[in-house]
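A.B. asks: So that we are looking at the same thing, I have put the structure below in structure tokens.
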Amino acid sequence: MVDTNAPITLDFYAVFTLLGIAQALFLSLFFLGTGNRDKPFNVFQGGMLVCMALSLVEIFLLYTGYIVNVLFLVDFSETLSLSIAPLFYLSVKSLLRGKISRNEVIAHLVVPILYFLSSLPYLLSSEDVKFNAWVVSYQLNLPLLEFDLPWWWSSPFFRLTLFHTDILVAFFCLYFVMAAWLLVVAFKNRNERLFAPKTQALKTARASAIQFFVLLLIVITVKLLNPNDTGDQFIATCISLSIYFTSFIVVKNSGFFRQVPLTEEGKYKNSNLSADDKKRIADLLSRIMEEGKLFTAGDVSLTKLATEIRTTPHVVSQVINEQFGKGFFEWIGEYRIEESKVLLKQYPNYKIEEIADRVGYSSKSSFNTAFKKITGMTPSQYRQR
Numbered sequence: 001m002v003d004t005n006a007p008i009t010l011d012f013y014a015v016f017t018l019l020g021i022a023q024a025l026f027l028s029l030f031f032l033g034t035g036n037r038d039k040p041f042n043v044f045q046g047g048m049l050v051c052m053a054l055s056l057v058e059i060f061l062l063y064t065g066y067i068v069n070v071l072f073l074v075d076f077s078e079t080l081s082l083s084i085a086p087l088f089y090l091s092v093k094s095l096l097r098g099k100i101s102r103n104e105v106i107a108h109l110v111v112p113i114l115y116f117l118s119s120l121p122y123l124l125s126s127e128d129v130k131f132n133a134w135v136v137s138y139q140l141n142l143p144l145l146e147f148d149l150p151w152w153w154s155s156p157f158f159r160l161t162l163f164h165t166d167i168l169v170a171f172f173c174l175y176f177v178m179a180a181w182l183l184v185v186a187f188k189n190r191n192e193r194l195f196a197p198k199t200q201a202l203k204t205a206r207a208s209a210i211q212f213f214v215l216l217l218i219v220i221t222v223k224l225l226n227p228n229d230t231g232d233q234f235i236a237t238c239i240s241l242s243i244y245f246t247s248f249i250v251v252k253n254s255g256f257f258r259q260v261p262l263t264e265e266g267k268y269k270n271s272n273l274s275a276d277d278k279k280r281i282a283d284l285l286s287r288i289m290e291e292g293k294l295f296t297a298g299d300v301s302l303t304k305l306a307t308e309i310r311t312t313p314h315v316v317s318q319v320i321n322e323q324f325g326k327g328f329f330e331w332i333g334e335y336r337i338e339e340s341k342v343l344l345k346q347y348p349n350y351k352i353e354e355i356a357d358r359v360g361y362s363s364k365s366s367f368n369t370a371f372k373k374i375t376g377m378t379p380s381q382y383r384q385r
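Residues in the sequence shown are numbered from 1 upward in steps of one, following full-length UniProt numbering.
Structural data, given as structure tokens:
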């Protein structure tokens, strides 16, 4: 019979973990909400937040002792915790390389799926088994219960769960190295400095990699210094901090604080923009071009950009001319050529026409002309360089 009088622990770690759960679920609603989930990065980031939230739920229940009321949830999130690293990698890759195929997503989730199948006998086992697992993992001063295990539990495949921590740490290390390599290549292709990236996608990917690396170091340190799961509350606290840091980045890069009031529309039409207004709108234009890649649309126009930031085409034109020192088509063209330079190196088998179409040009000739004007060479010459 399970002892339901197990002690309950409610302290700083428990409360902070609970706050992290709420914030992760709240934030995931935005990443996975209508209008956002059409971007792969948002889907992978939202999925990672959900996995983190559910992993925190389990740690909260185990650490506080409330798990005694829901013993069937013991270790339920182990598969989800293994999914965090692949989802992190896929989110970074989607930022740097674009769309990711369904087959690639499935390939990266094979190990978590196999682990889930391996853990099914345990997940479907009695509450006595779950109770003992909790007591042993958290080294509680509670008597263990007696139970009989079926013969097939001794199968090596069903014993993968005994190595969850080892698999988790190895997974985190592997995917961090893979993501770091993608970042190095992306910075090299863009000719940008690691400590001072100009492209918003590179800034976001770098921030994600740093967060993940810090979390990896904390997981390794805690697991080395604490037997079994006795240090999981420290990991949960750090995950919660990471979630709040992500929230800070999302809010910081939000256009909410850069909205153009209706009362300023008249001022803009009269070309009386203040220096601060120009800087704010210029930053907003740069952000939506880098993150949304609006320049890849063949029909991109001043009107569309103006609608995007809720101002007038006249204001957009004025800001581009004065802040960037270029005309609209020259400004758009530079974004297109920079993107095409990356694609030419990244996809050597793509035809020039395909590259041109992907960056917003309707014909190969106009693409060649624009490319040579900016770089001094044709796309073919650049690719062979």
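Cβ coordinates follow ideal geometry from the N, Cα and C atoms, glycine included.
Does DSSP put ARG193 in a helix, a strand or coil?
C.D. replies: Correct three-state label for ARG193: strand.
A.B. asks: Go ahead and pull the three-state DSSP assignment for residue 386.
C.D. replies: Outside the shown range of the chain (1 to 385) lies residue 386, about which nothing can therefore be said.
A.B. asks: Let me know the alpha helix (DSSP H) ranges lying completely inside the segment 277-349, each 4 residues or longer, listed in chain order.
C.D. replies: List check, alpha helix (DSSP H) in window: 302-309, 313-323 and 328-346.
A.B. asks: Is GLY20 closer than 9 Å to MET48 when the C-beta atoms are compared?
C.D. replies: No, the pair does not count as a contact, with Cβ atoms beyond the cut-off.
A.B. asks: Would you identify the three-state DSSP class for TYR63, choosing helix, strand or coil?
C.D. replies: Helix at TYR63.
A.B. asks: Let me know the secondary structure DSSP gives GLY33 once reduced to three states.
C.D. replies: Coil at GLY33, not helix or strand.
A.B. asks: To the nearest angstrom, how far is the alpha carbon of GLN45 from that of ASN321?
C.D. replies: GLN45 and ASN321: Cα-Cα distance of roughly 36 Å.
A.B. asks: Less than 9 Å between the beta carbons of GLU78 and THR161, yes or no?
C.D. replies: Against a cut-off of 9 Å, the Cβ pair of THR161 and GLU78 comes out as a contact.
A.B. asks: Can the beta-carbon of LEU27 be found less than 9 Å from the beta-carbon of VAL250?
C.D. replies: Yes.
A.B. asks: Note down, in chain order, each residue of its chain lying with its Cβ closer than 8 Å to the Cβ of TYR13, except the 5 sequence neighbours on either side.
C.D. replies: If we look at TYR13 and ignore the five residues flanking it on each side, its Cβ neighbours are TYR63, GLN233, PHE234, ALA236 and THR237.
A.B. asks: Assuming GLU334 contacts ILE281 (C-beta within less than 8 Å), just tell me the rounded distance between them.
C.D. replies: Incorrect: roughly 18 Å between the Cβ atoms, too far for contact.
A.B. asks: What residue does the alpha helix (DSSP H) around GLU353 start on, and which one ends it?
C.D. replies: It spans 352-358 - the alpha helix (DSSP H) in which GLU353 sits, taken as one unbroken run.
A.B. asks: Measure the Cβ-Cβ separation of ILE220 and VAL169 and say whether it is below 9 Å.
C.D. replies: Result yes, Cβ atoms of ILE220 and VAL169 sit closer than 9 Å.
A.B. asks: Are the beta-carbon atoms of THR348 and PHE367 separated by less than 9 Å?
C.D. replies: The amino acid at residue 348 is misidentified as Thr; the sequence shows Pro. Cβ distance not < 9 Å, so PRO348 and PHE367 don't count as in contact.
A.B. asks: Whole angstroms are fine: how far does the CA of LEU18 sit from the CA of ASN191?
C.D. replies: Their Cα atoms are separated by approximately 42 Å.
A.B. asks: What runs of the alpha helix (DSSP H), each 4 residues or longer, lie entirely inside the segment 77-163?
C.D. replies: Whole alpha helix (DSSP H) segments, 4+ residues: 78-97, 102-108, 110-123 and 127-137.
A.B. asks: As a quick exercise: from ILE337, SER91, ILE239 and GLU339, pick the residue whose alpha carbon is nearest that of MET178.
C.D. replies: Per the Cα distances, SER91.
A.B. asks: Please go through the segment 173-253 and give each complete alpha helix (DSSP H) segment of 4 or more residues, from N-terminal end onward.
C.D. replies: Correct list: 200-225 and 232-252.
A.B. asks: Can you list, in chain order, the residues of its chain whose CB lies under 6 Å from that of TYR361, leaving out five sequence neighbours each side?
C.D. replies: Excluding sequence neighbours, TYR361 sits near PHE367.
A.B. asks: Pick out whichever of PHE60, LEU25 and ASP38 has its Cα sitting closest to the Cα of residue 397.
C.D. replies: Lying outside 1 to 385, the shown extent of the chain, residue 397 is not represented and no answer is given.
A.B. asks: For ILE106, count the other beta carbons within 10 Å of its own beta carbon; 16 or more makes it buried, fewer makes it exposed. Which is it?
C.D. replies: Burial call: exposed.
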